[in-house]
Amino acid sequence: MSSEITTSADATDAVLLTDVVAAVQNAGRALLARYTPGARPDGREALFAALSANERVSADLLRVALSTLRPGAGWVDEGLETVPLPDGEWWVVDAVEGNVNHVHGMPEWAVTATLVRDNAPVLAVVNQPVGDLTYTALRGNGAQLNGHALHTSAKTDLSAALAATGQAEAGQTDTYPKIAASVGAMLARVLLVRATVPSTFPMLLIAEGHIDVFWQYQSVLPGIAAGALLISEAGGRVTGTNGEPWRPGERNVIAAAPGVHAAAVDVLSNLS
């Protein structure tokens, strides 16, 4: 098994984090002004119009703010979401993580921003405006929720574990048989399995110690990067489903509390 990524945040990243929090929260407020629990799109046209409008509002604010904070950093677009990143600094942003929840009046949506340096996340911010929750992480300096330290679960018995999974992108039909097989395999070993989207939310629950295992096939970087750093900094482990350390470009991910990670990997690695 390869060694874990050991890149640490540098001395200026703690200062940068404060400014990134402000930028992400500003985008979150703009989306909150557009949110109503009573929202119910009546068809695909209305749904996709609302999704696109939300994306534009948040992304425009974030691109200006984050590019100003780190002018030399690249911006991960669709072409870089599933491959290792070139060396240097890159902003990995999900302007409306859980956008489909937002436009259906559900509260599980957020704004995320992660700074990746030489293929290792070093700084992450997740703001969930409904509930006023802000998660932060600096590599080597821990993870926090509204300023309070996060810690993953202390469980060591997979049979007592709460697990979660979900589809990465709508329409990835080639993943459906594998998802179905993995849910069946996990159901035989854990206490219960939840299926949910988007991926950031179950990853936050792992960082907080509420649940113990999350896995996903064919993930994209904006849905995984922030959660991966938060879990790692809260004491958990994030790898591919083969047990090798997770890095940008790894499509299949499993994140878990340290005491159940190896057993969870064993369940998935036995699937063809």
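Residue numbers (my numbering): 1030 to 1301.
Glycine included, every Cβ here is placed at the ideal spot set by N, Cα and C.
Bear in mind the structure is a predicted one, so any value in this text is a computation, not a measurement.
- Around residue 1184, the same chain offers 1190, 1241, 1286, 1288 and 1289 as residues with beta carbons nearer than 8 Å, after the five sequence neighbours per side are excluded.
- Of the candidates 1063, 1052 and 1077, the residue whose Cα lies closest to the Cα of residue 1093 is 1052.
- Rounded to whole angstroms, the Cβ separation of residue 1163 and residue 1175 is 6 Å, and the two are in contact under 8 Å.
- Non-local beta-carbon contacts of residue 1128 in its own chain, meaning distances under 7 Å to residues more than five positions away in sequence, involve 1080, 1083, 1084 and 1138 in chain order.
- A Cβ-Cβ separation of about 4 Å places residue 1087 in contact with residue 1124 under the 8 Å criterion.
- When DSSP states are grouped into helix, strand and coil, residue 1118 belongs to the strand group.
- With contacts defined by Cβ atoms closer than 9 Å, residue 1256 and residue 1283 do not form a contacting pair.
- Contact between residue 1076 and residue 1070 is confirmed by a C-beta separation of about 4 Å, below the 8 Å threshold.
- Judged by DSSP in its simplified three-state form, residue 1300 adopts coil rather than helix or strand.
- Residue 1110 counts as buried, since at least 16 other C-beta atoms from the protein chains shown sit within 10 angstroms of its C-beta.
- Following the DSSP letters along the chain, one finds residue 1245 inside the beta strand (DSSP E) bounded by residues 1242–1245.
- For residue 1082, the enclosing alpha helix (DSSP H) stretches over residues 1073–1098.
- Of the candidates 1113, 1219 and 1096, 1096 places its Cα closest to the Cα of residue 1120.
- Look at residue 1064 here: in three-state DSSP terms it is coil, with no helix or strand label.
- By the C-beta density criterion, residue 1177 is exposed, having fewer than 16 other C-beta atoms within 10 angstroms.
- Assignment of residue 1107 by DSSP, reduced to helix, strand and coil, places it in the helix class.
- Here DSSP, grouped into helix, strand and coil, assigns residue 1282 to strand.
- Exposure of residue 1205 is indicated by the presence of fewer than 16 other C-beta atoms within 10 angstroms of its C-beta.
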